[in-house]
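In full-length UniProt numbering, the protein residues as written are 1 to 415.
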Ligand SMILES: O=NC(=O)[C@@H](O)[C@H](O)[C@H](O)CO
Ligand SMILES: [Co+2]
């Protein structure tokens, strides 16, 4: 009845992942994900640093181990620390589920809904390719889709497959583009951004999308931290006629949560923030002042299930819902953890879902299912993912940093 081993794996089936495997003295194993896109080795080293302190601890005492790793870090919070704590936390919940013979969502309060509404990543370099992308995801059953669009005169734009920085992947039916921003280079690729071009282009794109698909299709959009507050306020107003489910990361709230006050007072377009926020402390103003409508953090970046369940309970008090981060750089282990919490919390909103590549899914055997636009974590005990260590060893880590961004005049900007 104790933790016997804590092993860290870095593997790269299609892209880099960091996996934690905890084994108890009874031979029960649990998996965690500490993948931090572009910073994988740092997260792996942090896990290796804390691993010895886990040995001998009672695997059932998840809260105490969480507090030990959080308060005991001294240098608290931040993406690397919280990703490592998340990995330990999810692995311990996986073990608890296996020992209880229950899927983790049942330990978190049971199912609050039948399935988990998802959204896909549609994008285009022009309207025909955007419509093809939206049609492809609708054919796969998605009820909701994020729309990202190339900017005239800008070589590559965040979230746009088919532009310089996208990988083409085979989906269930036909071709899909998986947008993977981390490119296998040792030095980050430099991209360019221009707010004026963006603000002059995107509202018209949503006008065309609404004209073609009508009002039923759930539409989302990600500004990826790039607008100043007043630009974000104007953008939100310009989007109001197109009735978006949310505009995401419209302005960098992690710098100053008060930025969102300016946006909130000017627009009713719902706001989603938080995929790079890693603890509830950085949500206090955003949630207490109802400056956001959706919490974007992924379970595996934000202290794991223990912390995220508390964060979502706090959010529930203020009518704020979940919209957890679910790109391919959250591993299948992390995606499964998201889904167990998605299913259990009362204030669920929507789940981002980029299907992992076939290569990734050969190494991570998942039991979550996608059906007609909805995901379900499955009912296997624990989080329901198996990790093929032998096959994983064949995929060596390769540096793959995220790009950086500059304005047209060369000024550094958020990517
Ligand atoms: O909403 N989703 C996103 O913003 C993601 O695509 C992030 O750019 C990547 O996860 C960064 O690694
Ligand atoms: Co985003």
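Glycine is no exception: its CB is placed at the ideal position from the N, C-alpha and C atoms.
Which of helix, strand or coil does DSSP assign to residue i?
| i | result |
| --- | --- |
| residue 358 | helix |
| residue 103 | strand |
| residue 92 | helix |
| residue 112 | coil |
| residue 86 | helix |
| residue 400 | coil |
| residue 70 | helix |
| residue 121 | strand |
| residue 139 | helix |
| residue 169 | At residue 169, the pLDDT of 47 sits below 50, so the modelled position is not reliable and the matter cannot be decided from this model. |
| residue 44 | helix |
| residue 146 | strand |
Can you tell me the Cβ-Cβ gap for residue i and residue j, rounded? I've got them flagged as a contact below 8 angstroms.
| i | j | result |
| --- | --- | --- |
| residue 297 | residue 275 | 7 angstroms |
| residue 364 | residue 327 | With a Cβ gap of about 15 angstroms, residue 364 and residue 327 do not count as contacting. |
| residue 369 | residue 375 | 7 angstroms |
| residue 152 | residue 384 | 45 angstroms between Cβ atoms; not a contact. |
| residue 267 | residue 240 | 6 angstroms |
| residue 321 | residue 293 | 7 angstroms |
| residue 218 | residue 192 | Not confirmed; about 30 angstroms, so no contact. |
| residue 2 | residue 58 | 6 angstroms |
To the nearest angstrom, how far is the alpha carbon of residue i from that of residue j?
| i | j | result |
| --- | --- | --- |
| residue 377 | residue 411 | 44 angstroms |
| residue 264 | residue 247 | 12 angstroms |
| residue 279 | residue 223 | 22 angstroms |
| residue 306 | residue 82 | 12 angstroms |
| residue 254 | residue 386 | 34 angstroms |
| residue 13 | residue 44 | 17 angstroms |
| residue 120 | residue 56 | 43 angstroms |
| residue 190 | residue 99 | 48 angstroms |
| residue 73 | residue 251 | 30 angstroms |
| residue 101 | residue 303 | 24 angstroms |
| residue 273 | residue 63 | 26 angstroms |
| residue 194 | residue 358 | 35 angstroms |
| residue 221 | residue 60 | 41 angstroms |
| residue 42 | residue 35 | 10 angstroms |
| residue 249 | residue 225 | 5 angstroms |
Measuring from the CB of residue i, is there a heavy atom of ligand 3 at a distance below 7 angstroms?
| i | result |
| --- | --- |
| residue 399 | Ligand 3 is not among the ligands present in this structure, which contains only ligand 1 and ligand 2. |
Three or more C-beta pairs below 8 angstroms linking the stretch 137-145 and the stretch 284-294: With the cut-off at 8 angstroms, the stretch 137-145 and the stretch 284-294 do not touch.
Counting beta carbon pairs with one atom in the stretch 335-348 and one in the stretch 233-248, are three or more of them shorter than 8 angstroms? At 8 angstroms Cβ cutoff, the stretches do not touch.
Determine, using beta-carbon pairs with one atom in the stretch 23-40 and one in the stretch 81-88, whether at least three such pairs fall under 8 angstroms. Three or more beta-carbon pairs separated by less than 8 angstroms link the stretch 23-40 to the stretch 81-88, which places the two stretches in contact.
Do three or more CB pairs link the stretch 48-60 to the stretch 100-117 at distances below 8 angstroms? With the cut-off at 8 angstroms, the stretch 48-60 and the stretch 100-117 do not touch.
Residues with C-beta closer than 6 angstroms to any heavy atom of ligand 2, in chain order: With 6 angstroms as the limit, the residues whose C-beta approaches any heavy atom of ligand 2 more closely are 222, 224, 248, 249 and 275, in sequence along the chain.
Is it a yes or a no for the stretch 121-135 touching the stretch 206-214, going by three-plus beta-carbon pairs under 8 angstroms? Verdict: yes, contact present.
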